[in-house]
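1494 is the number of the first residue of the sequence shown in the numbering used here; add one for each residue after it. Shown next, in structure tokens, is the structure this report addresses.
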Amino acid sequence: MSLGAHLVELRRRLMISAAALVVAMILGFFLSDPVIAFITEPVQRIAAERGDDLVGLTFSSVTSPFDLRMRIAFSLGIFLAAPVWLWQIWAFIMPGLTRKEVRYTIGFVAAAIPLFFAGCYVGALVVPHVIELMATFTPEGANNLYDAKLFYDFSLKLMLVVGVSFVLPVFLVALNVAGIMSGLAIIKGWRVAVLLATVFAALATPAADVVSMLMLAGILVVLFFAAAGLSMLFDRRKNKRLKAEGLLPDVAE
1494 MSLGAHLVEL
1504 RRRLMISAAA
1514 LVVAMILGFF
1524 LSDPVIAFIT
1534 EPVQRIAAER
1544 GDDLVGLTFS
1554 SVTSPFDLRM
1564 RIAFSLGIFL
1574 AAPVWLWQIW
1584 AFIMPGLTRK
1594 EVRYTIGFVA
1604 AAIPLFFAGC
1614 YVGALVVPHV
1624 IELMATFTPE
1634 GANNLYDAKL
1644 FYDFSLKLML
1654 VVGVSFVLPV
1664 FLVALNVAGI
1674 MSGLAIIKGW
1684 RVAVLLATVF
1694 AALATPAADV
1704 VSMLMLAGIL
1714 VVLFFAAAGL
1724 SMLFDRRKNK
1734 RLKAEGLLPD
1744 VAE
């Protein structure tokens, strides 16, 4: 295809993705009420425990309530329209990939997407605990009035951080396949990985809920070791192939 044909194809893919996003945003707008109820549940719980009416979301401008719903609609639209725009991206780049690259890409995408959504789900469970934990640092006599926009941004970003943390093992495997990092180098960092997973889980779960902390830390550690093991398996197969071709005679398996 010529450059002009590629640009026409790209525009068509972008238009389809944009249309799917708009439709999903409309649906997401009508689903904003249960989302608001879910993210404000810990705030309502804090207010009930304190018996204080001055705990809740605040809207600092006339358009803030509508702005919050539009933000929620956009976020939900991205998630709901993901199958469409992901397919459009894949359909655009796939003709330029070799068969081996297509196979690797399908494997990475098939692993990354479920892990990301699983991480976002875990993040949604973690967010209320973090909000309640942060509220315990409020000085005596002070009130927790949360700006609605900042409150939602914090909740969404925390969910995304947990989602991305679940996908990091896939990127480790990708670095290994690309020849940037060996499986042995990955496994040597297991102490740091366990420490980071434990600290992250301790910060993301309530102090008294040791079971939740261990479960979250355990999931992250298992994903790390799975990535390390898979990378070492790839290295072993690669070394065997190089030895068979006489390119790596002195390297042990």
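Beta carbons: idealized from backbone N, C-alpha and C, even for Gly. Every value quoted in this text rests on a predicted model; they were computed, and no experiment measured them.
A direct Cα-Cα distance of roughly 19 Å separates MET1508 from GLY1521. Leaving aside the five residues that flank VAL1687 on each side, the residues in its chain whose CB is nearer than 6 Å to its CB run, in chain order, VAL1714. By the 16-neighbour rule on beta-carbons within 10 angstroms, ASN1669 is buried. Among the bridge pairs identified by DSSP, TYR1639 is matched with LEU1550. Under the three-state reduction of DSSP, VAL1663 is assigned to helix. Taking C-beta atoms under 8 Å as the contact rule, ALA1603 and VAL1666 fail to qualify, at a distance of about 12 Å. Counting of Cβ neighbours within 10 angstroms places GLN1581 among the buried residues, the total reaching 16 or more.
At the C-beta level, GLY1676 and MET1725 come within 8 Å of one another. Taking the C-beta atoms as reference points, TRP1578 is found nearer than 8 Å to ALA1513. For LEU1716, the closest of PRO1662, LEU1709, TRP1683 by C-alpha to C-alpha distance is PRO1662. Of LEU1638, ARG1538, ASN1732, the smallest CA-CA separation from HIS1622 is found for ARG1538. DSSP places PRO1607 in the helix class (H, G or I) of the three-state scheme. The DSSP-derived three-state label of THR1691 is helix. The three-state reading of DSSP puts SER1495 in coil, since its state is none of H, G, I, E or B. Here the alpha carbon of SER1705 sits roughly 19 Å from the alpha carbon of LEU1608.
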